[in-house]
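Chains as they are written, first to last, in the working numbering: chain A, 62 to 234; chain B, 388 to 909. The beta-carbon is built from N, C-alpha and C at its ideal position, and this holds for glycine as well.
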Amino acid sequence: MTKHDLRGLTRRQLLSRSLAAGALAVTGAGFIAAPNAAWAVEVTVITPDQMATLLQMARDIYPHDQVPDPFYAVAVKGYDSEDMKALVAEGVTALDAAARAAGFDSYVAAGWEEDRVKLLQGIETTPFFQTVRAGLVTGLYNQKEVWPIFGYQGESFSQGGYIERGFNDIDWL
Amino acid sequence: MVAKFDLNDDQVVVIIGTGAGGGVLANELAQKGVKVVALEAGGRYLPEDFVNDEWESFGQLAWTDARTTSGSWRVAKDFAGLPAWIVKAVGGTTTHWAGASIRFQDHEWKALTTYGAVEGANLLDWPIDGAEMAPWYEKAEAKLGVTRTGDRAGLPGNNNYLVFEKGAKALGYKEVHTGRMAINSADYDGRMACQQTGFCFQGCKWGAKWSAAYTDIPRGEATGNLEVRDHAHVARILHDDTGKVTGVEYFDKDGALQMQKARIVCVAGNSFESPRLLLNSASSMFPEGLANSSGMVGKNYMRHTTGSVYAIFDKPVRMWRGTTMAGIVQDEARHDPSRGFVGGYELETLSLGLPFMAAFLNPGGWGRGFTTALDHYENMAGMWIVGEDMPQLGNGVTLSETKDQHGLPVANVNFDDHPNDVAMRNHAYRQGIAMYEAVGATRVFPTPPYPSTHNLGTNRMSAEAKDGVVNKWGQTHDIANLFVSDGSQFTSGAAENPTLTIVALAIRQADHIASEMAAGAI
Ligand SMILES: Cc1cc2nc3c(=O)[nH]c(=O)nc-3n(C[C@H](O)[C@H](O)[C@H](O)COP(=O)(O)OP(=O)(O)OC[C@H]3O[C@@H](n4cnc5c(N)ncnc54)[C@H](O)[C@@H]3O)c2cc1C
Ligand code: SF4
Chain A
62 MTKHDLRGLT RRQLLSRSLA AGALAVTGAG FIAAPNAAWA VEVTVITPDQ
112 MATLLQMARD IYPHDQVPDP FYAVAVKGYD SEDMKALVAE GVTALDAAAR
162 AAGFDSYVAA GWEEDRVKLL QGIETTPFFQ TVRAGLVTGL YNQKEVWPIF
212 GYQGESFSQG GYIERGFNDI DWL
Chain B
388 MVAKFDLNDD QVVVIIGTGA GGGVLANELA QKGVKVVALE AGGRYLPEDF
438 VNDEWESFGQ LAWTDARTTS GSWRVAKDFA GLPAWIVKAV GGTTTHWAGA
488 SIRFQDHEWK ALTTYGAVEG ANLLDWPIDG AEMAPWYEKA EAKLGVTRTG
538 DRAGLPGNNN YLVFEKGAKA LGYKEVHTGR MAINSADYDG RMACQQTGFC
588 FQGCKWGAKW SAAYTDIPRG EATGNLEVRD HAHVARILHD DTGKVTGVEY
638 FDKDGALQMQ KARIVCVAGN SFESPRLLLN SASSMFPEGL ANSSGMVGKN
688 YMRHTTGSVY AIFDKPVRMW RGTTMAGIVQ DEARHDPSRG FVGGYELETL
738 SLGLPFMAAF LNPGGWGRGF TTALDHYENM AGMWIVGEDM PQLGNGVTLS
788 ETKDQHGLPV ANVNFDDHPN DVAMRNHAYR QGIAMYEAVG ATRVFPTPPY
838 PSTHNLGTNR MSAEAKDGVV NKWGQTHDIA NLFVSDGSQF TSGAAENPTL
888 TIVALAIRQA DHIASEMAAG AI
């Protein structure tokens, strides 16, 4: 991470500490972006820090190291809404409070996944966690673009099914 | 010519629900010249409308009207508002179903006699048996084009099946094959052969799998004796002061309340909606609901002892390719109490796409224990357990405080496993795991039951009026012109997938109703 990568962001609003810890996203006024500026999510209702927290939560709840951030960002984008605003604000505040009690500056600032997972386990029964987790089940795994990463081929009718495309091609039995 | 009957025509037979039971009954009666109005809460979808996408298809076809749950079953926690995965559409759940079509074993018609009294269970013998049902099963198999019956060949096995078969044979299982399926292995009855598309649960776009939606329903309509009204949600069955039913009230597609008169009413809304409707039809004459003098309406709910076993291998399987339910092991279907439970179970291959796997592999699960399983989705194989569960008085449907979009109390579904169910499920998990380990599985998943796909027993058949809701013809003990025509008639669940039996009973019931009508008896 170099300063060069951050051009265009308002420096004052960067979470310098989380950047130092190698966090996956940086926040600016009205958006969060990949540290290498490869993608960005605009937020209009919740704060960029809250969105960054949601994104980290998504990665910690359903961690797939081979799945890049944009899929997770798409999965949590819906929380940037008036309906979700209060739930998110309250949830993130509580999560960060738990993080501080455990000696971290914030949930996102905890560098190790194991530490963050412990913090999440502490809020596992809250409506905030349950809403985010349940939403991810469809929000993440129902993105057609994510399927090929898992090898899943999706619909096959348009290609005539698998009758001539390997329905019984297993060769290692 | 599709028929159109008048709301005041009191000579029609009204059928509520057009699934395996109602859809078949409607066609069979229409073929015999009986005038039928079939009322279906859902819409009409044909193969060209079906979507090969799990959630989108679920949104299109599944019953998502409110229901509530209670009891200690895990579904009540994981899917509190979705106790069952069934369909609301013309053709009912025969659009979604996988097509496994197997007959009951003879002893299963006599559960109480065979198993003896089981503590906590409310077992009963059916008032019919295998000999009585054999000719009706034969007709049902011909209607559905069931493979490995008549002269119909079996389907070829897909990757998921080949793994399953190898494991089964390694354990010494003998009755292992690609199943008796209502899926064409060759062109049959105007429908083409299976193309191994792998979306059987989403409605077969080729029409290779039998569904009432594109077989019995249009054929019945073609006689000119059947009118199917879709988006017609029946609210109440009406009766006169002699206690005979006279018609039904339903909400039409615009939400307007209509009244259709009837000579006979047949209830076929699946095992939650059928008892709910009888209970919601309570009147001053029948304060406990229609046909409920026994108190058994809504009781004895069975859902089969189920669960799945998924396994990961070190090499690809790609289980989603080809038929969803691609094969069966029947060796454990026997009754052999030395295993620690009465009744038996079948093992059948099953595959879910990635989206459903994420939802159902371990509902509520998260973290790397969960995600590393999905990381190897391509290397997964899967099977489903389906075994006989015990009817219990406390399991079933009552009216909930919650109301639906029409203001009607919805079904609350209460369920607790019986110790026999738990013992059977654990046995099946062990056997399924052993099968996969015999093929080199590196990790296995004893997966909990999904929302119920098999729903049975809530208006059960009994020889004596005090023990159940309907007699051997599905006619209610209390009201001569009120019938039950779906899976809620089941006295016991047996180990087998239920639909072939529902269809056989519907064909038989049509024969009975037509001859009783001709004789002027009803
Ligand atoms: C994913 C899946 C896979 C399955 N695989 C198999 C299998 O391989 N083999 C097997 O034997 N079985 C299988 N089944 C089960 C099978 O589909 C059912 O057992 C069968 O369809 C039940 O028939 P039914 O007539 O009782 O009800 P359904 O087929 O569910 O039909 C009931 C109909 O009644 C309508 N209805 C309900 N209430 C009202 C009302 N008040 N007014 C108007 N209409 C109403 C509903 O909308 C519905 O269309 C499967 C089910 C699912 C979900
Ligand atoms: S696998 Fe066969 S039966 Fe299933 S949807 Fe495809 S073509 Fe139809």
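Check	Outcome
Proximal chain A residues relative to T534 (chain B), where beta-carbon distance stays under 9 Å	The premise fails here: T534 (chain B) is roughly 15 Å from chain A at the closest Cβ pair, so nothing lies under 9 Å.
Length at least 3, wholly inside the segment 764-847 of chain B: the beta strand (DSSP E) runs in chain order	767-774, 783-790, 796-801, 830-834
Distance, S459 (chain B) Cα to T633 (chain B) Cα	40 Å
Contact under 8 Å by Cβ, G517 (chain B) with A825 (chain B)	no
Whole-angstrom distance between L761 (chain B) and V462 (chain B), CA atom to CA atom	22 Å
Contact check, G684 (chain B) vs V421 (chain B), beta carbons under 8 Å	Residue identity check: residue 684 (chain B) is Val in the sequence provided, not Gly. No, the Cβ-Cβ distance between V684 (chain B) and V421 (chain B) is not below 8 Å.
Alpha helix (DSSP H) runs wholly inside the segment 426-480 of chain B, at least 4 long, in chain order	441-448, 462-465
Cross-strand partners of F638 (chain B) (DSSP beta bridge)	B:H620, B:L644
Beta carbon of L910 (chain B) nearer than 8 Å to that of Y202 (chain A)	Examination of residue 910 (chain B) is not possible in this model, given that chain B is present from 388 through 909 alone.
Where the beta strand (DSSP E) through F870 (chain B) begins and ends	869-871
Residues within the segment 721-744 of chain B neighbouring chain A, beta-carbon criterion of under 7 Å	G740, L741, P742
Burial state of G861 (chain B) (16 or more Cβ within 10 Å)	buried
Rounded separation between A893 (chain B) and A407 (chain B) - CA only	8 Å
Interfacial residues, the segment 836-860 of chain B to chain C, with Cβ spacing under 8 Å	In the structure shown, chain C cannot be found, because the protein chains are A and B.
Exposure label - V809 (chain B); buried when at least 16 CB within 10 Å	exposed
Proximity to D576 (chain B) [Cα-Cα], best of B:E562, B:E528, B:S670, B:N547	B:E528
Own chain, CB closer than 8 Å to G827 (chain B), minus 5 neighbours either side, in chain order	F700, D701
In DSSP terms, what A698 (chain B) is bridged to	B:A768, B:V831
Within 8 Å, strictly: CB atoms of G446 (chain B) and T455 (chain B)	no
Contact with chain B by F132 (chain A), beta-carbon distance below 8 Å	no
Cα-Cα separation, R847 (chain B) to N858 (chain B)	9 Å
D718 (chain B) vs K561 (chain B) beta-carbon contact at 8 Å	yes
Distance cut-off 7 Å: V615 (chain B) Cβ against heavy atoms of ligand 1	no
Segment contact flag, the segment 657-666 of chain B with the segment 862-873 of chain B, C-beta cutoff 8 Å, min 3 pairs	yes
Straight-line gap, P188 (chain A) to Q127 (chain A) (C-alpha atoms, nearest Å)	29 Å
Where K464 (chain B) meets chain A, residues with beta-carbon distance less than 7 Å	Simply none; closest approach about 11 Å.
Segment contact, 8 Å Cβ cut-off, at least three pairs: the segment 477-488 of chain B with the segment 878-890 of chain B	yes
Interface residues of chain B facing I224 (chain A) [CB-CB closer than 9 Å]	P543, A580, C581, Q582, Q583, T584, G709
Integer-rounded CB distance, given that L625 (chain B) should sit under 8 Å from V635 (chain B)	7 Å
Where T758 (chain B) meets chain A, residues with beta-carbon distance less than 8 Å	Y123, P124, H125
Distance cut-off 7 Å: W593 (chain B) Cβ against heavy atoms of ligand 2	yes
Buried versus exposed call for W236 (chain A) [16 or more other C-beta atoms within 10 Å across all chains shown]	Any question about residue 236 (chain A) goes unanswered here, given that chain A covers just 62 to 234.
Local Cβ density within 10 Å of G507 (chain B), reported as buried at 16 or more and exposed below that	exposed
Limits of the unbroken alpha helix (DSSP H) element including I889 (chain B)	886-905
For D230 (chain A) and I224 (chain A), the rounded distance between their alpha carbons	10 Å
Cβ-heavy atom distance, I715 (chain B) to ligand 2, below 7 Å	no
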